[in-house]
Amino acid sequence: MSLPVIAVIGADGSGKSTVCIELKAWLETRYPVKLCHLGRQTGGIGRMIAKLPFFGKKLDHGIAGKANKARSDKGPKAGVALIMFLLSLKRVYRFYKMLRLKKQGFLIITDRFPQTSVIGGLDGPDLTVDHPDNIISSYFTRWERKLYYWMTDHKPDLVIRLNVDIDTAMQRKPDHRLSSMVKKIETIQKITFNGAPILDLYSNTQPLEEIVQEAKKAITEILSKKY
Numbered sequence: 001m002s003l004p005v006i007a008v009i010g011a012d013g014s015g016k017s018t019v020c021i022e023l024k025a026w027l028e029t030r031y032p033v034k035l036c037h038l039g040r041q042t043g044g045i046g047r048m049i050a051k052l053p054f055f056g057k058k059l060d061h062g063i064a065g066k067a068n069k070a071r072s073d074k075g076p077k078a079g080v081a082l083i084m085f086l087l088s089l090k091r092v093y094r095f096y097k098m099l100r101l102k103k104q105g106f107l108i109i110t111d112r113f114p115q116t117s118v119i120g121g122l123d124g125p126d127l128t129v130d131h132p133d134n135i136i137s138s139y140f141t142r143w144e145r146k147l148y149y150w151m152t153d154h155k156p157d158l159v160i161r162l163n164v165d166i167d168t169a170m171q172r173k174p175d176h177r178l179s180s181m182v183k184k185i186e187t188i189q190k191i192t193f194n195g196a197p198i199l200d201l202y203s204n205t206q207p208l209e210e211i212v213q214e215a216k217k218a219i220t221e222i223l224s225k226k227y
């Protein structure tokens, strides 16, 4: 029987990376372990653009405006839809590599996990309009949804959900957009992961040591019951 997939999810600033590293160091003393990042990792590019002198913030706002316009009732234009679809393929490629590692016998810890509970929310499909006016955009939307539903059919054995409030998140990640952070925090509460067991932890009120210990306890229970 293959080893489990443990998904660590949460908004930026919730402590995902730190918890993932702690769990990996603990587990790899007994199991072959791989840590997989299942995001698109494009947020850093936007923040780099915003930091450019003179025109960085203006350019960043322009990009954000186009992204919001793409989510209007008519949907994005063909070129924008293509770019958004290609960015989603980056996540699909990372997910496929993760499944390959699982088949090779590794216990998997994922930083983030794709979801379809909230279309357009954190780690969900980017093409949010169900039936865009543009035929090409409609084609990319259908394919993106199929790929996301394929990914979410592979539900994790355990989801560790790190909850954080907006003040703590922005204090830890001051270079992030406030509106984007609010949306991510709201999305986290709505994700179901097809009925996968979810352990809720609170990184704004619980110390890191307590969070890690509770996560270890839940993982130990999963391993003892199934593996």
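Going by the UniProt record's numbering, the residue at position 19 of the sequence shown is 19; the numbering climbs one at a time, nothing skipped.
All C-beta atoms in this analysis are idealised placements derived from N, C-alpha and C, irrespective of residue type, glycine included.
Because the structure is a prediction, the values reported are computed rather than measured.
| Item | Value |
| --- | --- |
| Which of helix, strand or coil DSSP assigns to V33 | strand |
| Cα-Cα separation, P4 to M151 | 16 Å |
| S137 vs G15 beta-carbon contact at 9 Å | no |
| Beta carbon of K225 nearer than 9 Å to that of F193 | no |
| Top-ranked residue by Cα proximity to R145, from K173, V80, I188 and M84 | M84 |
| Beta-carbon gap between N163 and L122 smaller than 9 Å | no |
| Through-space distance from I222 to D60, alpha-carbon basis | Summary for D60: the model assigns pLDDT 46, below 50, so the residue's position carries little reliability, and this model does not support an answer. |
| DSSP three-state assignment for R145, whether helix, strand or coil | helix |
| Assigned secondary structure, A11 (DSSP; H/G/I helix, E/B strand, else coil) | coil |
| Contact between the segment 87-95 and the segment 23-38 (3+ Cβ pairs under 8 Å) | yes |
| Of the residues I166, D153, F106 and P174, the one placed nearest T187, counting alpha carbons only | I166 |
| Span of the alpha helix (DSSP H), counted from its first residue to its last, around T18 | K16 to L27 |
| Residue interval of the beta strand (DSSP E) (run including T110) | L107 to D111 |
| Best match in L89, L199 and L127 for proximity to A78 [C-alpha to C-alpha] | L127 |
| CA nearest to the CA of P32, picked from G124, P132 and K103 | K103 |
| Classification of P125 by the beta-carbon crowding that lies within 10 angstroms, buried from 16 upward | buried |
| Coarse secondary structure for R40, derived from DSSP in three states | coil |
| Coarse secondary structure for residue 229, derived from DSSP in three states | Shown here, the chain extends from 1 to 227; a query on residue 229 therefore has no answer. |
| 6 Å CB neighbourhood of V212 in its chain, flanking five on each side removed | E22 |
| Three-state secondary structure assigned by DSSP to I191 | coil |
| Coil, strand or helix - D200 by DSSP | strand |
| Cα-Cα separation, P174 to D111 | 21 Å |
| Backbone secondary structure at I222 - three-state DSSP | helix |
| Beta-carbon spacing of K217, W26 below 9 Å | no |
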